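>
Structure below.
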């Protein structure tokens, strides 16, 4: 049991619900409370079940908690007064024989032990009280409804570390909502509870309030809770209640302190209830962890869909002949119309002529212009698709609370990366070089290309690039002929004459596949920006399974504790 609970403590303490979902805030509160109670109470108590009983005295502002503690030990060790909040740092009183247990910070190890009053709310003053029976300690906690938030949190922490909750309320405030909320929590967790109704005015009021309070307890399934009524009375010179007023409560506590079996029953009730309550808490955490994974999956899917659409858009743009319009078509018609492409394939004269024209006009040869036009058109297509994908993924994330929060920390995700233009240019240059390499490899034993040397390889590679941007490899449709002015037919005839029909089809398909792979890698890199932000949030896909496995282990160990 202790080993399983230690693992659960470590898991709860390390748990983070990074995505701001509606369940996350509650789950983080539950995880923190779970880890705190395991550290503060369950683990040290399981280490020594026969340790002195810790009775935490809690209640509302001005209920008289400190006065009651002081009165029970007959010494004013916990400050009481009209100023609120009175109890700023908790005070624990125990018999001298029990000082070693409570001074060693076994229970509530996060609180620094002191021997005197302290203004530090994270300290615990441990006071020796010979008047208190050994085997039982009283801890005066801050107000559960304190105006100071830190005091309220500390009160909750102390109550979670109690073997027995001794709630103190007054006749004027016994119906307040806050105490009943904590009593309900105690009931749900199986914690041992006793209730003190303080400052009951006169016998007539006690006869009326007592039955009403008892009925309220029964209505809330707390009918078995011991109830002590303390009449309103004047305090003595030390600010203590008279011994007669607290005799019934004092005797009950003494019997509990002297009865080892009764103490053990209280411990087993509270510890067993706390262990059982962990099952509910684990369900809450596991469900929240699953929601985190579900949200992360949804955000990841939105990115996948956006960039898949971008890939499909580019694929369509490559296949539908759209890139063979405008500047590309003009450059192609210029190249075909002058016969330069045929001369380039057949002789070195074309290369010399192009160099001469370029030297006179200052313009690059027609083939280079066509290659540049193809590259520019492809760059525009890729940039537009990447921009649309980033905007589409960003819009999907903005519609999701977790995605919107991630975009708050990385607003540039909705735009393509800053170096996208450079990467697109590099992609196109690398692809064009790879096409030339394909042609060079395929033409290793082709005499026509061999005779025309590297210049013919470049011209042939240019023809392959042109034919890539058609609906089907070298099977032009009427629409393509109309758009490209016979582009694909001219390219097909020249290439088939050099390589043969099957080689042509293989060459075009390999060039097209190479481009698709490079485009896919580019968009993967763009999508990785979103995926990186999502991965950086720290969503743990295995958390729910680990929590449920620990719950099963604790459940299996439960009979050992009951034995």
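Numbering (the numbering used here), first residue to last: 505 to 1067. Glycine included, every Cβ here is placed at the ideal spot set by N, Cα and C. Quick caveat, the model's predicted, so the values are computed rather than measured.
(1) Rounding to the nearest angstrom, what Cα-Cα distance links residue 602 and residue 575 in this structure?
(2) List the residues that DSSP assigns as beta-bridge partners of residue 901.
(3) Determine the burial state of residue 514: buried for a count of at least 16 other Cβ atoms within 10 Å of its Cβ, exposed for fewer.
(4) Measure the alpha-carbon distance for residue 673 versus residue 714 and round it to whole angstroms.
(5) Give me the residue from 665, 939, 785 and 701 with the minimum Cα distance to residue 680.
(6) Are residue 909 and residue 1027 touching if we call contact CB-CB under 8 angstroms?
(7) On the three-pair Cβ rule with 8 angstroms, is the stretch 1032-1048 touching the stretch 909-926?
(8) Please tell me whether residue 659 and residue 558 are closer than 8 angstroms, where the distance is taken between their beta carbons.
(9) Would you be able to state if there are at least three C-beta pairs under 8 angstroms between the stretch 803-821 and the stretch 893-904?
(10) Ordered along the chain, which non-local residues of its own chain (more than five positions away) have a Cβ less than 6 angstroms from that of residue 954?
(11) Between the Cα of residue 536 and those of 684, 746, 877 and 788, spot the shortest distance and give me the residue it belongs to.
(12) Exposed or buried, what is residue 769 when buried is set at 16 or more other beta-carbons lying within 10 Å of its beta-carbon?
(13) Which same chain residues end up closer than 7 angstroms to residue 790 when comparing Cβ atoms and leaving out the 5 residues on each side of it in sequence?
(14) Secondary structure at residue 649, three-state DSSP: helix, strand or coil?
(15) What separation, rounded to the nearest whole angstrom, lies between the Cα atoms of residue 882 and residue 901?
(16) Excluding sequence positions up to five away, which residues of its chain have a Cβ less than 6 angstroms from the Cβ of residue 861?
(17) Per DSSP, what kind of secondary structure is residue 807 in: helix, strand or coil?
(18) Give the straight-line distance between the Cα atoms of residue 979 and residue 1014, rounded to the nearest whole angstrom.
(19) Please confirm whether residue 521 and residue 875 have their CB atoms less than 8 angstroms apart.
(20) Closer than 7 angstroms by C-beta to residue 780: which residues in its own chain qualify, once you throw out the five before and the five after it? Chain order, please.
(21) In chain order, what residues of the same chain lie with their CB nearer than 6 angstroms to the CB of residue 616, ignoring the 5 residues before and after it?
(22) If we call anything under 8 angstroms between Cβ atoms a contact, is residue 573 one with residue 606?
(23) Excluding sequence positions up to five away, which residues of its chain have a Cβ less than 7 angstroms from the Cβ of residue 524?
(24) To the nearest angstrom, report how far apart residue 611 and residue 1057 are at their CA atoms.
(25) Run through DSSP, which three-state label would residue 698 get?
(26) With a threshold of 8 angstroms on Cβ separation, who are the neighbours of residue 969 within its own chain once the five nearest residues in sequence on each side are excluded?
(27) Just reading off the beta strand (DSSP E) that residue 670 is part of, what are its end residues?
(28) Could you tell me the alpha carbon to alpha carbon distance between residue 762 and residue 798, rounded to whole angstroms?
Taking the definition as stated:
(1) Whole-angstrom Cα-Cα distance: 20 angstroms.
(2) DSSP lists no beta-bridge partner residue for residue 901.
(3) Classification of residue 514: exposed, given that the 10 Å Cβ count is below 16.
(4) Each residue's alpha carbon lies about 12 angstroms from the other.
(5) Considering only alpha carbons, the answer is 701.
(6) Their beta carbons are not under 8 angstroms apart, which means residue 909 does not touch residue 1027 by this criterion.
(7) Taking a cut-off of 8 angstroms on C-beta distances, the stretch 1032-1048 touches the stretch 909-926, as three or more cross pairs fall below it.
(8) Going by beta carbons, residue 659 and residue 558 fall outside the 8 angstroms limit.
(9) Contact between the stretch 893-904 and the stretch 803-821 is present, because at least three Cβ pairs lie under 8 angstroms.
(10) For residue 954, the predicted structure reports a pLDDT of 47, less than 50, and the residue's modelled location is therefore unreliable. The matter cannot be settled from this model.
(11) Nearest option by C-alpha distance: 788.
(12) Looking at its Cβ environment, which holds fewer than 16 other Cβ atoms inside 10 Å, residue 769 is exposed.
(13) Cβ neighbours of residue 790 beyond the five flanking positions: 1048, 1051 and 1052.
(14) Note: residue 649 maps to coil in three-state DSSP.
(15) So the two alpha carbons sit approximately 29 angstroms from each other.
(16) At residue 861 the pLDDT is 41, less than 50, meaning the model places this residue with poor confidence and gives no usable figure here.
(17) The answer is helix: DSSP assigns residue 807 an H, G or I state.
(18) Residue placement at residue 979 is poorly supported in this model, since its pLDDT is 37, which falls under 50; the coordinates still yield a value, given next. Each residue's Cα considered, the two are about 16 angstroms apart.
(19) Contact: no.
(20) The residues 694, in chain order, have a CB closer than 7 angstroms to that of residue 780 in the same chain once the five nearest residues on each side in sequence are set aside.
(21) By the criterion of a C-beta distance shorter than 6 angstroms, residue 616 is surrounded in its chain by 627, once the five residues flanking it on both sides are discounted.
(22) No; because the gap between Cβ atoms is not below 8 angstroms, this pair is not in contact.
(23) Excluding residues within five positions, the ones whose Cβ falls inside 7 angstroms are 905, 906 and 909.
(24) Taken atom to atom, the span from the alpha-carbon of residue 611 to that of residue 1057 is near 24 angstroms.
(25) DSSP places residue 698 within a strand segment (E or B) once states are collapsed to three.
(26) 875, 878, 936, 939 and 1015, listed in sequence order.
(27) Its beta strand (DSSP E) spans residues 668-674.
(28) When the Cα atoms are used, residue 762 and residue 798 turn out to be separated by approximately 54 angstroms.
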